[in-house]
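Data block below; observations after.
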Amino acid sequence: MKISGSKIKEARKLKGLTQEDLAALSKMNLRTIQRIENNENMPRGKSLQLIREVLNIPQEELFEAQSNSRKTALVQTFVKALFLIVLNFVVISVFGYLTIDSNSTNNSKIGALLLSFFISIFIVVKTLHFNKIERLLKFGMGLLVYTLVIFSKISFPALVMTGLLPSLIIVLATLFYREGLLKQHKKLSHHN
């Protein structure tokens with residue numbers, strides 16, 4: 045088991061101590077305390093005992109429960125996956141309603157084209173740290189699968205005429221070519 049720097053930090057703050065205070069009281073270097081709290085350094089032996097005495101906390105409380113952190117990581121991964129599935133389903137539903145639905149009009153098809161651009165730009169801006177393949181897989185896969193399913197039921201010209209295929213192309217191109225879009229945006233903003 046490893047010692048949790050965040051628990052030491054939490055205990056220090058509960059006592060109303062600064063890092064400098066803890067360093068002075070435990071007769072340790074300030075940088076050492078900072079490294080311990082950031083989990084860059086693990087206190088052992090005498091150092092651990094001095095910190096425990098100053099903060100008045102039992103040794104067991106300083107140890108991270110590794111199984112809890114694994115469970116938390118699994119739950120977070122599950123929630124993220126569920127969110128992506130729901131998000132893809134919502135996007136599919138909106139595009140399906142605007143393009144394929146029997147009540148769709150030319151105005152709703154134009155709306156689908158506009159939405160496909162603005163939704164994908166929003167996703168790009170919020171996911172700048174993703175690479176293009178990761179972004180495509182997470183946010184474009186649902187629409188791509190939906191289009192393939194619809195394509196198996198209707199002809200290619202009908203797929204184009206409904207506006208679903210052009211919407212898909214806009215979404216996937218925007219998600220994939222985000223670097224080019226952002227470079228153009230930066231050039232335009234520097235000229236103004």
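Just so we're on the same page, my numbering is the position in the sequence shown counted from 1, plus 44. In this text, a Cβ means the ideal position worked out from N, Cα and C, and glycines have one as well. None of the values given here were measured: they were computed from a predicted structure.
For A68, the nearest candidate out of Q120, T191 and E97 (CA to CA)
E97
Tell me whether R79 sits in a helix, a strand or coil according to DSSP, three-state version.
helix
Segment limits, alpha helix (DSSP H) that includes I167
N150 to K170
Relative to the C-alpha of V215, which residue among M86, F183, P87 and L192 is closest?
F183
In whole angstroms, what separates the C-alpha of S137 from that of Q103?
53 Å
Local Cβ density within 10 Å of L192, reported as buried at 16 or more and exposed below that:
exposed
CB contact flag (N83, G49, <8 Å):
yes
Considering G206, what are the terminal residues of the alpha helix (DSSP H) in which it resides?
Looking at the sequence itself, residue 206 is Thr, so the reference to Gly does not match. Where T206 is concerned, the enclosing alpha helix (DSSP H) stretches over F200 to T206.
Return the first residue and the last residue of the alpha helix (DSSP H) that F174 is part of.
First-last for F174: undefined, no H or E at that position.
For a quick check, are the C-beta atoms of I194 and L203 less than 8 Å apart?
yes
Would T62 be called buried (16 or more neighbouring beta carbons within 10 Å of its own) or exposed?
exposed
So for L58, helix, strand or coil by DSSP?
helix
Exposed or buried, what is I198 when buried is set at 16 or more other beta-carbons lying within 10 Å of its beta-carbon?
exposed
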